[in-house]
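Chains as they are written, first to last, in this note's numbering: chain X, -2 to 306; chain S, 42 to 405.
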Ligand SMILES: Nc1ncnc2c1ncn2[C@@H]1O[C@H](COP(=O)(O)OP(=O)(O)O)[C@@H](O)[C@H]1O
Ligand SMILES: [Mg+2]
């Protein structure tokens, strides 16, 4: 070995046709990925930005025609669209709020190890690991007014008077929220658990010496120590809630009427239903993107503030 | 203010004893140091007194009240942790105010008490910072301030200077001692540093292997160690210990030295051993009196200058002669290999049973 290293590095000169240099090799690995990314991510990103200023329709056999801000103008002056934004906002606040409370609560319960706590934690995490389409389909069965088990579980034991959650325009949003909370509270729990387990025991020992009661310890130690991770969980869930699509499509398809027409569902409807308004759908998608970036920024600033105190 | 009593207090982790049953009474206002090598059970003892660790058996009394099973917050005791245990997300002011706010003190009162204790420890300029931004010494001051602010009945300190560098330790040691003099609060202080223990303690509890070896004033543990462990552990270097055979007023040391036993000790040795038997002679470096008429002889092995005195390392003469340490006047000079004669100050000699390693009692 030593002898080989000491010898002049004759092998570093590539012999044509037999060896490839490290540089060529790395390029060989990088370019396929880059091309893939450009074709399916970067190009659509910019192309859709272009389309949002045109009247393009994917099914009309004509080229995109530049119409300036007309799409944005129409969208932002449409009361229905504002209604869908409000609906999405309400859904996000309620759903993420419930997930935060339930997930944090579960984490507090599962924080101390006890017999079977590992198994219970794993079981609780299952919903999060399922495909949203599967979740949507089987909750559709659970919500079914004649043979679904959900009504039975919440106390409506008579199928004749039990509500039809997905067909009732007052309840459909709550049905989606229930499923979203069921599916994603475990995610909040997981992050909170890791935050809780990172709090050193000696802080609680010091607090016991300082004669702090349970509530004081929770407020002054547990909560501020978990806050950064809790906020990250809330950030992720809020972004996801604004993009809510797959669960809604699986459960209600935006209905009944437009009772669960979240903004992403609306984008889908504009793009792929009726007149296939590709240009307008792109414009709406960009509006949503701007909102999500703005909301995320607020969160990240709060997060930094919490970290620095 | 408080007295603390431990009665047959014991701690087992599984089958292993962290602390063997121990008795200890700490008087009101006393500064007691728990001293022993790492792993001997000092922290465990302190944690049992504080209530952070449950006893395996025995009783703990605080001012005569049985608190054995009381929660830490019901004991009115402050604990200064080895690694400070400050609340990292709270400012220094909030850290110090924590125990007051936890008790629901009014805002004005909290302001006043924090300001008082901050002035006492000279940390007013740090109040707005986070603990993470502070040096070790300042963090320790904050930890002390947090302990002091509540005026607890007693202080428990677990190696509070252990994480500091040497120079800072000296300063902080003086500060803690001064605080104790001013406040006169009962304090139990843990350290593995015997110099620190000697310097600070009204009384020292020497522990080893989960067992209390001796409880006494610094002078007692230094001059009258209960057993060989204490004799070796206290002092730097520790006590010189020479084994030998006692016959009729003379100890024949390993090698060739012959040591004539002082009269009061002769009676004790006779009582213990009869006419003859194996014994260990112990003496502190300063008990050796160097002089031409000395009964014992040794050759100079090495010398250390200590400014105020010279420490001689002597090799006892004869086969298997052990190395001993003797203090000499700094003005005298000794050459390596030179033969030195010396005597032992009769009041400063100790004898230990060679088998049990326990000290013999002088019979006056
Ligand atoms: N929580 C624990 N579980 C098991 N063994 C422990 C625990 N705490 C301490 N010990 C053991 O008890 C003994 C005494 O520990 P400790 O009181 O920390 O010693 P010291 O403070 O004197 O260094 C050690 O042998 C240590 O390993
Ligand atoms: Mg310790």
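Using N, Cα and C, we set each Cβ at its ideal position, and we do this for glycine too.
Asked: N-terminal and C-terminal residue of the beta strand (DSSP E) that residue 62/S is part of; Found: 57 to 67
Asked: Ligand 1 site residues, beta-carbon cut 5 angstroms against heavy atoms; Found: 54/S, 59/S, 79/S, 80/S, 81/S, 82/S, 83/S, 84/S, 85/S
Asked: Proximity winner among 258/S, 63/S, 54/S, 87/S, relative to residue 48/S (alpha-carbon distances); Found: 63/S
Asked: Any C-beta of chain X under 8 angstroms from that of residue 130/S; Found: yes
Asked: Within chain X, partners of residue 144/S - CB distance below 8 angstroms; Found: 208
Asked: Against chain S: residues of the region 133 to 151 of chain X by CB proximity under 8 angstroms; Found: none
Asked: Exposure of residue 459/S, with buried meaning 16 or more beta-carbon neighbours within 10 Å; Found: With chain S represented from 42 up to 405, any question about residue 459/S goes unanswered, as that position is not in the structure.
Asked: Helix, strand or coil at residue 297/S according to DSSP, with G and I counted as helix; Found: coil
Asked: Contact between the region 354 to 367 of chain S and the region 281 to 291 of chain S (3+ Cβ pairs under 8 angstroms); Found: yes
Asked: Spatial neighbours of residue 228/X in its chain, beta-carbon cut-off 7 angstroms, leaving aside the 5 residues before and after; Found: 296, 299, 300, 303
Asked: Beta carbon proximity, residue 24/X to chain S, threshold 8 angstroms; Found: no
Asked: Residue from 182/X, 199/X, 84/X whose Cα sits closest to the Cα of residue 234/X; Found: 182/X
Asked: Chain S contact for residue 200/X (CB, 8 angstroms cutoff); Found: yes
Asked: Sub-8 angstroms separation of residue 259/S and residue 279/S beta-carbons; Found: no
Asked: Short Cβ contact (8 angstroms threshold) for residue 301/S with residue 333/S; Found: no
Asked: Closest residue to residue 98/S among 163/S, 75/S, 53/S (Cα-Cα distance); Found: 53/S
Asked: Pairwise C-alpha distance: residue 33/X and residue -2/X; Found: Confidence is the limiting factor: at residue -2/X the pLDDT is only 39, short of 50, which leaves the residue's position unreliable and the question unanswerable from this model.
Asked: Selected residue, minimal CA-CA separation from residue 55/S, among 96/S, 306/S, 287/S, 66/S; Found: 96/S
Asked: Residues bridged to residue 108/S (per DSSP); Found: Its beta-bridge partners do not exist; DSSP assigns none.
Asked: Any non-hydrogen atom of ligand 2 within 7 angstroms of residue 200/S CB; Found: yes
Asked: Ranges of the beta strand (DSSP E) found wholly within the region 263 to 332 of chain S, counting only runs of at least 3; Found: 281 to 288, 291 to 294, 299 to 301, 317 to 324, 329 to 331
Asked: Inter-residue CB distance, residue 210/X and residue 238/S (contact presumed, cutoff 8 angstroms); Found: The Cβ separation is near 36 angstroms, so there is no contact.
Asked: Residues that residue 211/X contacts on chain S, provided the C-beta gap is smaller than 7 angstroms; Found: Here the premise fails: no neighbours, minimum Cβ distance about 11 angstroms.
Asked: Classification of residue 249/S by the beta-carbon crowding that lies within 10 angstroms, buried from 16 upward; Found: buried
Asked: Range of the contiguous alpha helix (DSSP H) that encloses residue 249/S; Found: Careful: residue 249/S lies outside any alpha helix (DSSP H), inside the beta strand (DSSP E) at 244 to 249.
Asked: Three-state class that DSSP yields for residue 218/X in the structure shown; Found: helix
Asked: Per DSSP, cross-strand counterpart(s) of residue 357/S; Found: 339/S
Asked: Minimum C-alpha distance to residue 322/S - residue among 246/S, 307/S, 225/S; Found: 307/S
Asked: Min CB distance residue 3/X to chain S below 8 angstroms; Found: Only weak support exists for where residue 3/X lies, its pLDDT of 45 falling under 50; the value from the coordinates is given anyway. So no, residue 3/X is outside the interface.
Asked: Cβ of residue 216/X within 8 angstroms of any chain S Cβ; Found: no
Asked: Cβ-based neighbour list, residue 120/S, same chain, cut-off 6 angstroms, excluding 5 preceding and 5 following; Found: 91, 197
Asked: Counted within 10 angstroms of its Cβ, other Cβ atoms place residue 220/X as buried (16 or more) or exposed; Found: exposed
Asked: Touching by the beta-carbon criterion (3+ pairs, under 8 angstroms), the region 162 to 169 of chain X and the region 242 to 255 of chain X; Found: yes
Asked: Cα-Cα separation between residue 187/S and residue 294/X, rounded to whole angstroms; Found: 38 angstroms
Asked: Validate contact between the region 179 to 196 of chain X and the region 98 to 117 of chain X using beta carbons, cut 8 angstroms, 3 pairs; Found: yes
Asked: At least three beta-carbon pairs within less than 8 angstroms, the region 243 to 251 of chain X to the region 200 to 216 of chain X; Found: no
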